[in-house]
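Asker: Below: one structure in C-alpha cells.
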Amino acid sequence: MEIPYTVQPRPDTGLYNAKVGIWLFLASEVMLFGALFSAYILLRVGAPDGYWPEGWLNVPLGTLNTLVLITSSITTVMAWASLKMGRFSRFKVYHAITLICAVTFLCIKSSEYHDKWIHYEATLKDGTFADGHFRSAVYVNTASNEKLTQKSFHGMEYTTGTGTNAQHFALESVTLNGHIVDDVKKLYNLHSLHEVVHHEDFTVQASQIKRIENYGPWHNTYTALYFTLTGLHALHVIGGAIVIAFLWGPGSKMWQTDPERFTNRVEISGLFWHFVDLVWIFLFPVLYLL
C-alpha cells in the first residue's frame, strides 16, 4: 500500500505530510524553549542586585560558533537547492560542509564546557574567596602519609580500591590559576574587576578551605540555566547532524529511485536545522552579551 501525500501536497493543507509533521514538531519545540527562556528571564529579574554573573562566558568563541551555525544554515539551503536543480554532486559537497560546521560547533562548545568544569571557586575560612582554573592537587594517604599529586580534582577526600585494598586519601592543598578576592560579588561581575590584571598560580591549603566546587550546573542559578539551555541545544545539534549524515550517506540512495521524495526529506531536515540555528541566535545574546 502506497502512503499518500509523501510528495504531492495535501488538498486540505497545501503541504505534503512530512512538512505538516515538521511544522507541528517545531511548534512544540518553540513551546519548550520558550518556557526555558521565560524561566531565565524571571530568574534573572528576581536575582539580588549584583549577584547575576556578567563576563563569565567567552564572547569571541560564542561569536565564532554563531558564524559557524549561520554558515551551516546557508550550506543546508544550498544542498536542497542543488537537488532541486538536479545537481547531486553539489548536494554532497554542501551537505558535507553542513556536517563539518555541526562538528565544529560541538567541538567549540565542548571546549567551553571543559573550561567551566576545571574552573573552581573556594570559600575560605578567613572570609575570602579563591577563584581560578585547576592546576593540581596534593592528596595524602591517611594510612602511610604518602603524598600524591593529582592533575584532576577528586574532592576533599576520596577512596581507591575496595575491602582490604582500599586506600583513603585526604586533600592537603590545591593549586589554582586565578585570584583571591575579599568580596564574592567581585566574582559575579568580571567586567568590573579592574584590579585583577592577570591570573597567577597560587596554592590553598585544605585546612583553609570551607567549601570548594567547580562551575558546573550545580554552582548557581546562572550555570544551571547555562548548561540546561546550551546542553539541550547541543542535543538538538547532535540529532540534526545524525539525520543530515544519514541523508548524506546511506539515505542518499533514494535519489536514484525517488529523487523528489529524497529532496523533500532534505528540505525537512533543513527546516529543523534552521530552527536549531534560530535558537542559538537567541541564546548567544541572552547568555553571552546581556
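In terms of the working numbering, the sequence shown opens at residue 2 and continues consecutively.
Heads up, the beta-carbon is just placed ideally off N, CA and C, and yes, glycines get one too.
None of these values were measured; they are calculated from a predicted model.
Could you name the residues that DSSP lists as bridge partners for residue 180?
Answerer: Answer by DSSP bridge pairing, in chain order: 132.
Asker: For residue 235, which option in 257, 203, 208 and 284 has the closest C-alpha, if you only look at C-alpha atoms?
Answerer: If we check each option's Cα against that of residue 235, 284 comes out closest.
Asker: Starting from residue 212, follow the beta strand (DSSP E) in both directions and report where the run begins and ends.
Answerer: Note, residue 212: beta strand (DSSP E), 210-215.
Asker: Take every Cβ of the stretch 121-140, pair it with every Cβ of the stretch 92-108, and state whether three or more of those distances are shorter than 8 Å.
Answerer: In short, these stretches do not touch, since the Cβ pair count stays below three.
Asker: Apply the 10 Å Cβ neighbour rule to residue 166 and answer buried if 16 or more other Cβ atoms are within range, or exposed otherwise.
Answerer: Residue 166 should be labelled exposed.
Asker: Expressed to the nearest angstrom, what Euclidean distance is found between the alpha-carbon atoms of residue 126 and residue 206?
Answerer: Cα-Cα distance, rounded: 11 Å.
Asker: On the three-state DSSP scale, how would you describe residue 20?
Answerer: It is helical.
Asker: According to DSSP, is residue 278 helix, strand or coil?
Answerer: Of the three classes helix, strand and coil, the one that applies to residue 278 here is helix, per DSSP.
Asker: What is the rounded straight-line gap between the Cα of residue 183 and the Cα of residue 57?
Answerer: When rounded, the distance between both Cα atoms is 19 Å.
Asker: With a 10 Å radius around its C-beta and 16 neighbouring C-beta atoms as the bar for buried, classify residue 63 as buried or exposed.
Answerer: Looking at its Cβ environment, which holds 16 or more other Cβ atoms inside 10 Å, residue 63 is buried.
Asker: Where does residue 89 fall in DSSP's three states?
Answerer: It is helical.
Asker: Kindly indicate which three-state DSSP category residue 116 falls into: helix, strand or coil?
Answerer: Residue 116: helix per DSSP, three-state reduction.
Asker: Reducing DSSP to helix, strand and coil, say where residue 172 ends up.
Answerer: Residue state, collapsed to three classes: strand.
Asker: Rounded to whole angstroms, how far is the Cβ of residue 33 from the Cβ of residue 229, which I believe are closer than 8 Å?
Answerer: No, residue 33 and residue 229 are not in contact; Cβ-Cβ is about 11 Å, not under 8 Å.
Asker: Return the first residue and the last residue of the beta strand (DSSP E) that residue 149 is part of.
Answerer: Its beta strand (DSSP E) spans residues 148-151.
Asker: What is the DSSP secondary structure of residue 52, reduced to helix, strand or coil?
Answerer: In the structure shown, residue 52 sits in coil (DSSP, three-state: anything other than H, G, I, E or B).
Asker: Report the partner residues of residue 205 according to the DSSP bridge assignment.
Answerer: Note: residue 205 sits in a beta bridge opposite 175.
Asker: Compare the C-alpha of residue 185 against each of 176, 222, 122 and 202 and name the closest.
Answerer: Looking at the Cα atoms, 122 is the closest of the given residues.
Asker: Run the CB neighbour count on residue 147, radius 10 Å, all protein chains shown included, and call it buried at 16 or more, exposed below.
Answerer: Under this definition residue 147 is an exposed residue.
Asker: Comparing C-alpha positions only, which one of 287, 211, 281 and 291 sits nearest to residue 67?
Answerer: Residue 281 is the option with its Cα nearest to residue 67.
Asker: Which two residues bound the contiguous beta strand (DSSP E) that contains residue 161?
Answerer: Residues 158-161.
Asker: Buried or exposed for residue 150, please, with buried defined as at least 16 other CB atoms from any protein chain shown within 10 angstroms of its CB.
Answerer: With fewer than 16 Cβ atoms within 10 Å of its Cβ, residue 150 is classed as exposed.
Asker: Quick check on residue 256: buried or exposed, where buried means 16 or more other Cβ atoms within 10 Å of its Cβ?
Answerer: Residue 256 comes out buried.
Asker: Closest to residue 232 by CA distance: which of 211, 277, 273 and 46 is it?
Answerer: That would be 277, whose Cα lies nearest to the Cα of residue 232.
Asker: What distance in whole Å lies between the Cβ atoms of residue 219 and residue 100, which are believed to be in contact at a cut-off of 8 Å?
Answerer: Incorrect: roughly 33 Å between the Cβ atoms, too far for contact.
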